[in-house]
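A quick write-up on the structure given underneath.
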Amino acid sequence: MKKLILLSILSLATLFAFAQKGNGDPEARIQKKVDHLSDKLSLSKDQQIEVKNLIIAQHETRKKPAQNWSELSEEEKEDLKAARKDARERFDTEMATILNADQNRIYKEMPKGKGKKRAHHAKRMND
8 MKKLILLSIL SLATLFAFAQ KGNGDPEARI QKKVDHLSDK LSLSKDQQIE
58 VKNLIIAQHE TRKKPAQNWS ELSEEEKEDL KAARKDARER FDTEMATILN
108 ADQNRIYKEM PKGKGKKRAH HAKRMND
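When the sequence shown is numbered by my numbering, its final residue is 134 and no position is left out of the sequence of numbers.
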C-alpha cells in the first residue's frame, strides 16, 4: 500500500513538472516566451499582444521539415540553416519595431538560441 501511494505521488510530481515546462503544448510554450520577454523587457499590454502575434507567426514558419535531420542531404541542411537564420533576422527586425530604445538594448543583450541556457548557467555560476 505504501509503495502504491509513493508511486502515485511520484507520478503526479513528474506530471506536474512536465506540465510546468509546457513542452508538449505549442500554445503554452508561446505564452511562456511572451511572459519571459514581458518580464525582462517590461512590455506593455499592447506590446505583449504584438510580440505574441510575432512569435505565433514565427512558430508557423518554423515547422519541422518532413524528414528527420539525419535524413537530409548536406545541401538541404545548409538551406534549412540559412532559412532559419533569415527567419531569426526578420524576427529581430520586427521586434525592433515593437520595442522602444531601452527595450531594444536589453533585447539585443539577451542570450539567443541554443547557447542561452549555457549563458544563463554561466551567469548564475559567476554571481
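Where is the CB? At the ideal position from N, CA and C, for every residue including glycine.
{"Query": "Rounded straight-line distance, which links the Cα of T68 to that of E82", "Result": "20 Å"}
{"Query": "Close Cβ partners of K119 (< 8 Å) along its chain, the five nearest in sequence each way excluded", "Result": "R95"}
{"Query": "Option nearest K59 by Cα separation, candidates F98, E78, E85", "Result": "F98"}
{"Query": "Residues near L48 in its chain [Cβ-Cβ closer than 7 Å; skip 5 each side]", "Result": "L106, Q110, I113, Y114"}
{"Query": "Terminal residues of the alpha helix (DSSP H) in which D32 lies", "Result": "Neither: D32 is in no alpha helix (DSSP H) and is coded neither H nor E."}
{"Query": "Under 8 Å between C-beta atoms of K40 and I62", "Result": "yes"}
{"Query": "Cut-off 7 Å between Cβ atoms - residues of its own chain near L50, not counting five sequence neighbours on either side", "Result": "L44, V58"}
{"Query": "CA-to-CA distance, E34 to Q65, given in whole angstroms", "Result": "13 Å"}
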